[in-house]
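Asker:
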Amino acid sequence: MKKIFILGLALWSFAAIGQVTEKELSKLKPDSIIGWKSGGLIQIGGSQVSLTNWIAGGQSSVAGNGLVNLFARKTMQKAVWENFLDLGYGLIRQGDDAAWRKTDDRIDFTSKYGRFMRENWNYTGLANFRTQFTEGVSDDGERISTFMAPGYFIAAIGLEYMPSENFSFFLAPFSSKNTFVMDQELADEGAFGVEPGSMFRSEFGGYFRMSYKRDIMENISFQTRVELFSNYLNNPENIDVNWEVLLNLRVNKYISTTLATNLIYDDDIAIPVDRTGDGIQESTGPRTQFKQVLTVGLAVTF
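The numbering used here applies: residue 191 is where the sequence shown begins, and numbers increase by one.
1) Just confirm the distance between the C-beta atoms of L453 and V431, as a whole number of angstroms; I'd bet it's less than 8 Å.
2) DSSP on A377, reduced to helix/strand/coil?
3) With W226 as the anchor, note down where its beta strand (DSSP E) starts and where it stops.
4) Starting from S411, trace the beta strand (DSSP E) in both directions and tell me its first and last residue.
5) Candidates Y279, Q482 and V270: which alpha carbon is nearest G254's?
6) Going by DSSP in three states, G387 sits in which element: helix, strand or coil?
7) Would R320 and F299 be called neighbours here (beta carbons separated by less than 9 Å)?
8) May I have the straight-line CA-CA distance separating L423 from R391, to the nearest angstrom?
9) Please classify I344: is it buried, with 16 or more other beta-carbons within 10 angstroms of its beta-carbon, or exposed?
10) I'd like to know whether the C-beta atoms of S473 and L437 end up nearer to each other than 9 Å.
11) Within a Cβ cutoff of 6 Å, which residues of the same chain sit near N368, ignoring the five residues on either side of it in sequence?
12) For the region 378-390 and the region 414-422, state whether three or more C-beta atom pairs, one from each stretch, are separated by less than 8 Å.
13) Is DSSP giving F337 helix, strand or coil here?
14) For the beta strand (DSSP E) that E434 lies in, which residues bound it at each end?
15) From G256, I459 and G304, pick the residue whose C-alpha is nearest to that of W267; which is it?
16) Just to confirm before moving on: does the CB-CB distance between D295 and G341 stay below 9 Å?
17) Return the first residue and the last residue of the beta strand (DSSP E) that E182 is part of.
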């Protein structure tokens with residue numbers, strides 16, 4: 191019941207924020223420009239605190255993070271090819287002798303090719319790849335992830351409704367979700383849903399993806415994407431969710447503020463649970479994961 195509630199909340203929130211009604215969709219026209227169109231956002235931000243003999247207490251800190259959000263679209267007479275690249279990386283050091291710790295780390299690339307079927311509808315094939323740049327550690331210093339551990343690859347074939355370049359939903363009854371754990375130590379632990387000792391896990395199921403973006407005001411842009419996957423062969427009612435939101439507020443040509451959020455629910459990932467707050471992990475199980483990154487800094491939008 192809780193999983194159904196999480197899924198329903200994600201879909202309801204997506205619909206509420208996007209506010210894409212059938213009446214609005216009827217006004218949207220397909221992109222009629224033949225050829226390439228590209229654009230994106232590149233941002234670098236940071237913060238620094240230095241304390242010397244500060245009687246009120248505190249710690250010196252240095253933090254920085256970067257964000258890349260790019261797209262390239264080629265529209266042809268009978269087809270459209272779209273590519274999306276999202277990168278993020280952030281570090282923080284709190285205390286003069288402390289180690290650097292990650293605050294963000296992601297690589298996400300999607301490519302999809304659609305053949306026009308009828309007005310606003312396409313036969314579409316999609317490929318999505320996700321992983322991270324560097325290793326991640328827990329609070330006690332234990333290595334828990336690294337490049338391609340995990341890595342995810344989704345391949346899907348289905349139908350896409352795309353009334354404009356700003357809104358689309360894609361439904362694929364035939365899709366494959368593949369999980370890679372290319373680190374033997376983590377694979378031996380059965381991390382990220384693989385069988386202990388195995389570096390690879392493949393799932394066959396249904397895949398749904400909806401994306402929407404718009405300029406809310408002249409200097410405020412919003413985009414969001416939700417992905418759902420159901421494994422036909424193992425607990426199909428337990429749906430994996432990956433929901434992302436990016437809000438960009440441009441102060442001027444070179445300075446902006448971005449708010450990025452990411453909600454994930456993966457039924458195959460066991461997360462340690464401390465139910466009493468005493469620091470002891472009583473159990474493990476699937477949990478809702480949430481990340482929020484707020485960045486103020488130099489940015490280029492094109």
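No residue lacks a Cβ here, since even glycine has one placed at the ideal position from N, Cα and C. Source: prediction; values computed, not measured.
Answerer: Put simply:
1) 7 Å
2) helix
3) G225 to V239
4) I410 to N421
5) Y279
6) coil
7) yes
8) 13 Å
9) buried
10) no
11) F343 and S392
12) no
13) coil
14) D430 to R440
15) A small correction: the amino acid at residue 267 is Gln; Trp does not occupy that position in the sequence shown. Residue G304 is the option with its Cα nearest to Q267.
16) no
17) Residue coverage of the chain in this structure runs from 191 to 492, which leaves residue 182 outside it and unanswerable.
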